[in-house]
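Colleague: So for the sequence shown, our numbering puts the first residue at 1; every next one is plus one.
In this text, a Cβ means the ideal position worked out from N, Cα and C, and glycines have one as well.
Got a structure here, written out as structure tokens. Questions coming.
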Amino acid sequence: MLIYTLQFPEITLKSRVKFLHFVQRNVIEFAFKHQVLFLEKGLTAEYFHRNAEIPKRKPQERIPIHIHSIVWNGIFSLRAYGEKAVATLQIWSQLFLDENPKYRHHIIEHIEHINIERLEQPMYYVSDNWIPFREMQVYKGFYVEAGTDYSHVENEKDQPHFALNKQLFNNLGTFLRSHNIEIHRDIELVQYPSEPQTHIALRTQKENIYKQAFHVKIKIHIRLPICFSLGQNTGYGNGVFKRIIPEKLIETS
Numbered sequence: 001m002l003i004y005t006l007q008f009p010e011i012t013l014k015s016r017v018k019f020l021h022f023v024q025r026n027v028i029e030f031a032f033k034h035q036v037l038f039l040e041k042g043l044t045a046e047y048f049h050r051n052a053e054i055p056k057r058k059p060q061e062r063i064p065i066h067i068h069s070i071v072w073n074g075i076f077s078l079r080a081y082g083e084k085a086v087a088t089l090q091i092w093s094q095l096f097l098d099e100n101p102k103y104r105h106h107i108i109e110h111i112e113h114i115n116i117e118r119l120e121q122p123m124y125y126v127s128d129n130w131i132p133f134r135e136m137q138v139y140k141g142f143y144v145e146a147g148t149d150y151s152h153v154e155n156e157k158d159q160p161h162f163a164l165n166k167q168l169f170n171n172l173g174t175f176l177r178s179h180n181i182e183i184h185r186d187i188e189l190v191q192y193p194s195e196p197q198t199h200i201a202l203r204t205q206k207e208n209i210y211k212q213a214f215h216v217k218i219k220i221h222i223r224l225p226i227c228f229s230l231g232q233n234t235g236y237g238n239g240v241f242k243r244i245i246p247e248k249l250i251e252t253s
């Protein structure tokens, strides 16, 4: 997998609201303003965010969000996964810097190549803003998929205590399949999360949209990027998983 990271040390966004406002206006809307150019090159601004003007699509017709705006090591960053998303972000960068030359001499660029593969030893990741694809509710002390009847479940992996694991498993599967990667995967929650926070997930032109966000720590036997995103609204910096060493599990509790 090819990954390209673009960082802007001089862009200071001290609050979540300011971060979302900047992403909505200067990343997503700016990208769609140049959609014709992207399409001419066989690319699309929809790698940043789905086009709300296009009617609801079937799952197989949806374009995956492969460019994520995040704060990484305190720096506003854009991270693109896969060759087409990387090419899209590089063009976006040229256009953005042409209109904002004050940032041109202070950006940081980084390219990674990673082979997604099974590992003997596990890797550990933590996220403080993971939003599952499905809304979750409390059932017998566990977070389960809202609207699901768990009263007659027999399969172990369908039990209430496994519901969050199942969501993580499905979210990771969606991420990998969007890159045509099929690999046996299992995710283990290192520590069951406490009550989710009410989190500003994204911003429209009119309002902030709030959703449930979980702080989770996971263990997985797959070589994944040092930083990647899962779940809902990844283009807005949600579901950012960062690799940590096992000892850090105690420090971040």
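Please classify Ile250: does DSSP put it in a helix, a strand, or coil?
Modeller: A caution first: Ile250 carries a pLDDT of 48, below 50, which makes its placement in the model too unreliable to give a value.
Colleague: Kindly give me the distance between the Cβ atoms of Ile114 and Ile3, rounded to whole angstroms, as I take these residues to be in contact under 8 Å.
Modeller: 7 Å
Colleague: When the Cα atoms are used, what is the spatial distance from Gln7 to Gln94?
Modeller: 14 Å
Colleague: To the nearest angstrom, how far is the alpha carbon of Arg16 from that of Ala201?
Modeller: 9 Å
Colleague: Suppose you measure from the CA of Phe228 to the CA of Val240; what does that come to, to the nearest Å?
Modeller: 6 Å
Colleague: From which residue to which residue does the beta strand (DSSP E) around Ser77 run?
Modeller: Ile75 to Tyr81
Colleague: With a threshold of 8 Å, are at least 3 pairs of Cβ atoms found where one atom belongs to the segment 134-146 and the other to the segment 118-125?
Modeller: no
Colleague: Within the same chain, show all residues whose beta-carbon is closer than 7 Å to that of Tyr139, passing over the 5 residues directly before and after it, in chain order.
Modeller: The residues are Tyr150 and Pro160.
Colleague: Could you give the distance in angstroms between the alpha-carbon of Phe169 and the alpha-carbon of Ile218?
Modeller: 11 Å
Colleague: Report the three-state DSSP secondary structure of Ser93 (helix, strand or coil).
Modeller: helix
Colleague: Based on the DSSP output, what are the partners of Asn208 in its beta bridges?
Modeller: Arg203
Colleague: Can you list, in chain order, the residues of its chain with a C-beta nearer than 7 Å to that of Val153? Leave out the 5 residues immediately preceding and following it.
Modeller: Gln159
Colleague: For the alpha helix (DSSP H) that contains Val36, what are its first and last residues?
Modeller: First-last of the alpha helix (DSSP H) with Val36: Gln35 to Glu40.
Colleague: Who are the Cβ neighbours of Ser253 in its own chain at under 6 Å, not counting the five residues just before and after it?
Modeller: Confidence in Ser253 is poor, its pLDDT being 46 and thus under 50, which makes the residue's placement unreliable; the coordinate value appears in the next sentence. Cβ within range, chain order: n/a, list empty.
Colleague: If you follow the beta strand (DSSP E) that Tyr240 is in, where does it begin and where does it stop?
Modeller: Position check: residue 240 holds Val in this sequence, whereas Tyr was assumed. Per DSSP, Val240 belongs to the beta strand (DSSP E) from Val240 to Ile244.
Colleague: Throw me the rounded Cβ distance for the Leu89 and Ile67 pair, which I believe falls under 8 Å.
Modeller: 5 Å
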